[in-house]
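Have a look at the structure below, then the notes.
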């Protein structure tokens, strides 16, 4: 009697795993291709442009603030120096 | 129809030759040298035939009578009514560079990946339905010329501290942008247009109606102001970056310009001049259950984009195949628990059901973003009559929140529960726990039910998704499991029945997601909703 139970249980476990896996396959293969544009980046492909900025002068200093860099920032700065 | 000057035959634009070629005598003509009698009189308007589909009300311009037997938008084989109309001439046109064969090849590249997409989309006969359509675009020319004064901050670090210096930067700007393009048709979603972009506007030509010979052209119906702020914003973003770059000469290596788009428009005196243009797109609609999915290929560069629905038949076949693949290891695993198979079965299905409900919740949230109509500025304007200004930061932060927190939280929770479950299971197998095993299952089932209810409530809130009730099957199966655990927790047959029900309930839940994905990939023929197509179709049918 135990063998049929084992077979049934195995079959349904396989089925459960299979449809979850299939869902991911469907999502990955049917999802629209991601745009190459990165976050915050502007896309100028196909646009003809000429942007000239000149005579930039820093005219006033309004305020100054400081904060301690994080551990990661410190590490990055150290790596950069090295 | 444009007639050949030599034999009177129909002349159509040949993509490879870049000329109009006579079908009969093979004479070729430059597009600008071919005009209709009335076109030479009126410089701003041109005469064309507008075809209207009696099924969906779509309107399309075409010089060829071939258009009268098939609607490109709703894929209906029907007799389209036609009328001669005077349409305002666009300023520019980018002629087709890619032939139908090249377009099909490009499209095949992206269908290769979509293994669960309907087989029809890979059928040569279906692919032959790709039609060359000129899509109306707004082509913005933007200028910036002014002396500006902007607030900025320089951020730097000496290793121990970060310093922020707030400054005012002044300078001169003189810039020109040609061809910032946005689609001027409600038929094409911004998303689809973005995915086949860019169009290289340096290749644009002055519009002559003869360019349309042999092609379809959609009618422009989105006003220029809908996307004007996007054109200004792009120019302002570039200008900000240039100011920052220029300030490096003065030793400011990390200058950030604090300026809203409106302020930047004022400071840089940013002005946009919209011009009408027609861009080439190879287009095909795939109809299934009164809905259509669009397949598009950029007619200039060959870049393809499409919404692929999932074929339910293929999904089920793939599931069965994977079931066969997973069966031997599952059987081997179950043999390890030969004595206690029914209990282990219920535990494993409970773990899988956690995964299923978490997937449901997370995916519903992801699809909610995609489903948001407001992401398409054209559609938003049509619906509410006001220009929609996309809040990039807000959208990004929502996506980040979902991506970084909810997903991590859900996966983390799943792992924790799995670890706890396995610990309890191990203790249970070692006979350390007895009643606690059942208690744990009850807790797990309650937790699962909570996840399912949250998922259902969230899912119900989403537009279009409230009609999917598969998750109710999942919830009912959990209630059954719970009842079984209270009534006879050690009954092995009840455990097996609970596990099977849980499995089927979760299958229905996951099927909801597949159907919702298809709902988003397929849409109603555009004109029915967006352009008063029902009324147009009714008028035509009267």
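Chains as they are written, first to last, in our numbering: chain A, 212 to 293; chain B, 3 to 544. Each residue gets a CB set at the ideal place from its N, CA and C atoms; glycine is no exception. Computed from a predicted model, the values in this text were never measured in an experiment.
Check                                                                                                                    : Outcome
Residue 92 (chain B) at chain A interface by Cβ criterion, 8 Å                                                           : no
Within-8 Å CB hit, residue 195 (chain B) to chain A                                                                      : no
Closest Cα partner of residue 143 (chain B) within the set B:231, B:495 and B:37                                         : B:231
Start and end residues, beta strand (DSSP E) containing residue 581 (chain B)                                            : It is not possible to answer for residue 581 (chain B), since the shown part of chain B is limited to 3 through 544.
Spatial distance of residue 83 (chain B) from residue 148 (chain B) (CA atoms)                                           : 53 Å
Beta carbon proximity, residue 249 (chain A) to chain B, threshold 8 Å                                                   : Model confidence at residue 249 (chain A) stands at a pLDDT of 45, short of 50, so the residue's coordinates are unreliable; what they give is reported in the following sentence. So, not an interface residue.
Residue burial classification, residue 367 (chain B) (beta-carbon count within 10 angstroms, cutoff 16)                  : buried
Residue-level contact to chain A via CB, residue 172 (chain B), 8 Å cutoff                                               : yes
Simplified DSSP assignment, three categories, for residue 131 (chain B)                                                  : coil
Rounded separation between residue 487 (chain B) and residue 444 (chain B) - CA only                                     : 7 Å
Rounded C-alpha distance that separates residue 45 (chain B) from residue 470 (chain B)                                  : 54 Å
Three-state secondary structure assigned by DSSP to residue 383 (chain B)                                                : helix
Residues near residue 235 (chain A) by beta carbon distance below 6 Å, same chain, minus five either side                : none
Exposure of residue 476 (chain B), with buried meaning 16 or more beta-carbon neighbours within 10 Å                     : buried
Buried versus exposed call for residue 298 (chain A) [16 or more other C-beta atoms within 10 Å across all chains shown] : Lying before the first or after the last residue shown, residue 298 (chain A) is absent from chain A, which here runs from 212 to 293.
Residues that residue 269 (chain A) bridges to, as DSSP identifies them                                                  : B:171
Counted within 10 angstroms of its Cβ, other Cβ atoms place residue 256 (chain B) as buried (16 or more) or exposed      : exposed
Through-space distance from residue 258 (chain B) to residue 272 (chain B), alpha-carbon basis                           : 20 Å
C-beta neighbour in chain A for residue 200 (chain B), strict 8 Å                                                        : yes
Cross-strand partners of residue 63 (chain B) (DSSP beta bridge)                                                         : B:52 and B:219
Residue 257 (chain A) - DSSP class collapsed to helix/strand/coil                                                        : coil
Rounded Cβ spacing between residue 94 (chain B) and residue 206 (chain B) (contact assumed at less than 8 Å)             : 4 Å
Identity of the residue in B:56, B:197, B:166 and B:241 nearest residue 145 (chain B) by Cα                              : B:241
Test: residue 176 (chain B) CB closer than 8 Å to a CB of chain A                                                        : yes
Bridge partners - residue 191 (chain A), DSSP secondary structure assignment                                             : Because chain A here runs from 212 to 293, residue 191 (chain A) falls outside it and cannot be looked at.
Beta-ladder partner(s) of residue 148 (chain B), from DSSP                                                               : B:175
Rounded straight-line distance, which links the Cα of residue 156 (chain B) to that of residue 168 (chain B)             : 6 Å
Inter-residue Cα distance where the pair is residue 14 (chain B) and residue 199 (chain B)                               : 26 Å
Identity of the residue in A:218, A:232 and A:258 nearest residue 509 (chain B) by Cα                                    : A:232
Nearest neighbour of residue 279 (chain B), chosen from B:483, B:511 and B:138 [CA to CA]                                : B:138
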